[in-house]
Each structure stands twice: as structure tokens, then as C-alpha cells.
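Just so you know, we're using the numbering used here here: the sequence shown kicks off at 30 and counts up by one. Everything on this sheet refers to the single structure shown next.
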Amino acid sequence: MEEHMKHLELVLLVLMQHDLKVNQNKCIFGQASFEYHRHIITSKGVATDPKKLEATWLWPIPKDIKGLRVFLGLGLIGYYWRFVKEYAVFHISLLEKVVGPTQQPQPLPFMLTEDLQISLDYEVLLTLDKEKHQVDGPIYYYVFNSLLYCLLVMHIYWWVLIFRMLVKQIQARGKVSEDVRSDSEDEDEHED
């Protein structure tokens, strides 16, 4: 607290030297924690706002895919993901249920599997543990890197599907058409 008071004194002196004034309604001095942009800032770090997470505690368990989409689309899910260690690992099983297989035009009937229930319980009930919502650099970067890893795996998966589709189309044709061969031969002649 003494270091804070010294720093505050220096800031106020500089403001006085330049004839600047401070709006006392917007200033908070000598508090252990304060709210800033939906976050609670303390000497330990940044924490979630309990008011913001109250909606998560009261949210009913989704009964169908539409309900799960609403739950995942809420701003509160995006709000607290960075505060949860390994959030991407638990979130991906819920996301797979929303997206579903690409071969079927209609979403699959919603089934609350054990894996999905564990993910839901983890996401909703983890918010009750206040100590896990203190965030520092390593946890934030770990969660972010885990999410990037999941996105990379999904990206590679789609490239493999596209590649397989192209290979099947080429195999179905049997060989390259004559028009394409004649075009490529003409280009070779012009290079000389």
C-alpha cells in the first residue's frame, strides 16, 4: 500500500505541474479491489465478476440442440473462457454436438451423453469455485494455446476431407481430359 501511495503522489504532482484536474467521481483511491469493464481487479490479478456469472449458475441444462446453441452463444460463455484452465478441451465436446456431422442436412436428435454431461457440469459448476477464476499469464496463454490447437486440428481435418474428395473426383474421371493436355503443351512451347 505504501508503494501505491508513493506512486499516486507522483502522479498527482505531475498533474498539478501541468494544471490538469482529476474528476473525483471517476477516481478510486486506496481500495484493495475494484470493478473495471466487467472484471474485478485485485492485487492477485484479474477475476470474474460474480454478477456476470450469476446467469450461468441459474441457467437450466439444455434439453435439445437449440438450447445448447443458445447456451454456447451467450456472451457469458465467451466472457469467462479465459478464466478456466483447459476450457477448450471441455468446450469442444459441446461444440461438436452443435455442429454435428456434415453429411446430414438436419441436426441429429439431441442425446445427453455422459461426456456431454461432464462438459456441461464442468462449465457451469466450475464457476462456483471462486479461486479458479483468478487469472495470470501462464493460465491465459495455456487456454489460448489449447483453443488454437483445437482450431488447428479442425483445420487439418477439413483439408484432409477436401483432399480426399478431390482424389475421388480425379479417380472417377480416370484420366485428364484432352483439352487440358493440349493447353499445357501449348504453354510448354511458348517457354522456349
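Ideal Cβ positions, reconstructed from N, Cα and C, are used throughout, including at glycine.
Burial state of residue i, where buried means 16 or more other Cβ atoms lie within 10 Å
| i | result |
| --- | --- |
| isoleucine 57 | exposed |
| leucine 82 | buried |
| leucine 97 | buried |
Spatial neighbours of residue i in its chain, beta-carbon cut-off 7 Å, leaving aside the 5 residues before and after
| i | result |
| --- | --- |
| threonine 78 | In the sequence as displayed, the identity of residue 78 is aspartate instead of threonine. Correct list, in chain order: Glu64, Arg67, His68 and Ile69. |
| threonine 71 | Ala61 and Ser62 |
Continuous beta strand (DSSP E) stretch holding residue i: start and end
| i | result |
| --- | --- |
| histidine 68 | 68-71 |
| phenylalanine 63 | 62-65 |
Beta-carbon contacts of residue i that lie in its chain and below 6 Å, excluding the five residues immediately before and after
| i | result |
| --- | --- |
| lysine 92 | none |
| valine 43 | none |
Opening and closing residue of the alpha helix (DSSP H) in which residue i lies
| i | result |
| --- | --- |
| histidine 47 | From DSSP, histidine 47 is part of no alpha helix (DSSP H); its letter is neither H nor E. |
Residue i CB to nearest heavy atom of the ligand SAM below 7 Å
| i | result |
| --- | --- |
| arginine 193 | The ligand SAM is absent from the structure shown, which contains no ligand whatsoever. |
8 Å CB neighbourhood of residue i in its chain, flanking five on each side removed
| i | result |
| --- | --- |
| leucine 39 | none |
Q: May I have a chain-ordered list of the beta strand (DSSP E) segments no shorter than 3 residues that lie completely inside the segment 76-101?
A: none
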